[in-house]
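Colleague:
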């Protein structure tokens, strides 16, 4: 099965100031699907209408993060913030339903003020289970993603072993791993063996070059021609989100698709 690529309209299409305008731009450049990070500053009606007008599939959104400027980056692992967590997930579900989106990345949250709490892991697992109990009947798959400490020093989920241990413990078909190849390289490397081992838990993949988060074809640490051929060999049939920031224009940055022998 051919690999499927989705544009991340939060990091790509910076030629357009509004996320609303990027749905049509993505469609015009040949994409059939998009993902996005944080779209909660835009009225739901505007986002939903733009997606519908473009006739494009929304495959993934991040959960509502809270106030990023104040240090929030999700609430799932924060003790004493269970109410804020459920409120953020309610908002995320509202957007997901309106967009016809079937996958939500649950943001784990920063831990700088809570690192001494011994029950952080317990809170995180309880919150994940609670979300699955509340929303799994909606047909939504939830994913969790380790993020390198080099970018988010206080983020709770920073290890792939850690993420897989929670997925195994909770043991739900609606909880999977978001495998960002950039973060995999920055956290532990050994891409071939790790991809082979982790793929059984994966619900969604994202890509960008390391260490600068630009196009897969940009100079960097990752040979994406090899990585894509490996995913093809392993018969990965999910979406691959292009969560990178083009070095120049979005259109110029997409030349690698054809050069690598793929199509949108």
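Residue numbers (full-length UniProt numbering): 1 to 264.
From the three backbone atoms N, C-alpha and C, an ideal C-beta is built for every residue, glycine too.
(1) Are there three or more Cβ pairs, one per stretch, closer than 8 Å when the segment 70-90 is compared with the segment 103-112?
(2) Expressed to the nearest angstrom, what Euclidean distance is found between the alpha-carbon atoms of residue 79 and residue 124?
(3) Quick one: residues in its chain with C-beta nearer than 7 Å to the C-beta of residue 256, no 5 flanking neighbours on either side, listed in chain order?
(4) Indicate whether the contact test is met: 3 or more Cβ pairs, each with one atom in the segment 65-73 and one in the segment 202-212, closer than 8 Å.
(5) Can you pull the DSSP bridge partners for residue 177?
(6) Just to check my reading of the structure: residue 102 and residue 139 have Cβ atoms closer than 8 Å, yes? What is that Cβ distance to the nearest angstrom?
(7) Quick one: give me the first and last residue of the alpha helix (DSSP H) that residue 89 is part of.
(8) Under three-state DSSP, which class holds residue 185?
(9) Taking 7 Å as the limit between beta carbons, can you name the residues of its chain near residue 227, skipping five residues before and five after?
(10) Between residue 128 and residue 74, what straight-line distance do the alpha-carbon atoms span, to the nearest angstrom?
(11) According to DSSP, simplified to helix, strand and coil, what is residue 152?
(12) Could you say which of 202, 40 and 260 lies nearest to residue 235 if we only look at CA atoms?
(13) Measure the alpha-carbon distance for residue 159 versus residue 225 and round it to whole angstroms.
(14) Going along the chain, which residues of its own chain have a beta-carbon closer than 7 Å to the beta-carbon of residue 56, five neighbours each way excluded?
(15) Compare the C-alpha of residue 2 against each of 229, 241 and 259 and name the closest.
(16) Since I believe residue 144 is in contact with residue 177 (beta carbons under 8 Å), could you give me their beta-carbon distance rounded to a whole number of angstroms?
(17) Determine the direct distance from the alpha carbon of residue 97 to that of residue 250, and round the result to whole angstroms.
(18) Can you look up residue 210 in the DSSP assignment and give me helix, strand or coil?
(19) Under the rule that 16 or more other beta-carbon atoms within 10 Å means buried, what is residue 18, buried or exposed?
(20) What is the C-beta distance between residue 221 and residue 185, in whole angstroms, given that I count them as a contact (C-beta under 8 Å)?
(21) I'd like to know whether the C-beta atoms of residue 93 and residue 253 end up nearer to each other than 9 Å.
(22) When you compare only the Cα positions, how much space is there between residue 175 and residue 247?
(23) On the premise that residue 37 lies in contact with residue 77, defined as a C-beta separation below 8 Å, what is that separation, rounded to the nearest angstrom?
(24) For residue 29 and residue 81, what's the separation of their Cα atoms in angstroms?
Modeller: Reading off the structure:
(1) yes
(2) 8 Å
(3) 215, 216 and 217
(4) no
(5) 144 and 202
(6) 6 Å
(7) 82-99
(8) helix
(9) 181 and 191
(10) 12 Å
(11) coil
(12) 202
(13) 25 Å
(14) 23, 26, 27, 31, 32, 33 and 34
(15) 229
(16) 7 Å
(17) 28 Å
(18) coil
(19) exposed
(20) 6 Å
(21) no
(22) 34 Å
(23) Residue 77 to residue 37, Cβ: 19 Å. No contact.
(24) 41 Å
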